[in-house]
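Q: I have a structure here, written as structure tokens, and I will follow up with some questions on it.
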Amino acid sequence: RSSPTPDPNSTFFIPEVDGVLVWRVLPNTPAAAGGLRRGDVIIAINDKSVTSGLEIQNIVEESGVGNRLKLKVLRNRETLTITVRTAQLSNQER
């Protein structure tokens, strides 16, 4: 009998929160320029709660290019607000 798969959050000591974990931030992107970091948890964009990467993608796409998004982020048990300006990404950055 195989053992159940462990919760990946417990393996990495990530507290359970509603939001989206940032695994990496590409250099020279709006996210990097806004100060988003690996390990941040995005919990809201423009005061709308987010729980999936698809939700974030939809919000960013619907906002259009050149607009500012206010990200509510958990970092080291602190809640921060980060502003990111949307931009058209090259194919290499996607």
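The sequence shown runs 10 to 103 under our numbering.
Glycine included, each C-beta is placed from N, C-alpha and C at the ideal position.
Here the structure is a predicted model, which means the values were calculated and not measured.
1. Going by other Cβ atoms of all chains shown within 10 Å of its Cβ, with 16 needed for buried, is Val74 buried or exposed?
2. Determine the DSSP secondary structure at Leu89, reduced to helix, strand or coil.
3. State yes or no: is the C-beta of Asp49 within less than 8 Å of the C-beta of Val69?
4. Could you check if Pro39 is buried or exposed, using at least 16 other CB atoms within 10 Å of its CB as the buried criterion?
5. Looking at Ser58 and Ile52, is the spacing between their C-beta atoms short of 8 Å?
A: In this structure, then:
1. Result: exposed.
2. Reduced to three states, the DSSP call for Leu89 is strand.
3. Contact: no.
4. Classification for Pro39: buried.
5. Contact: yes.
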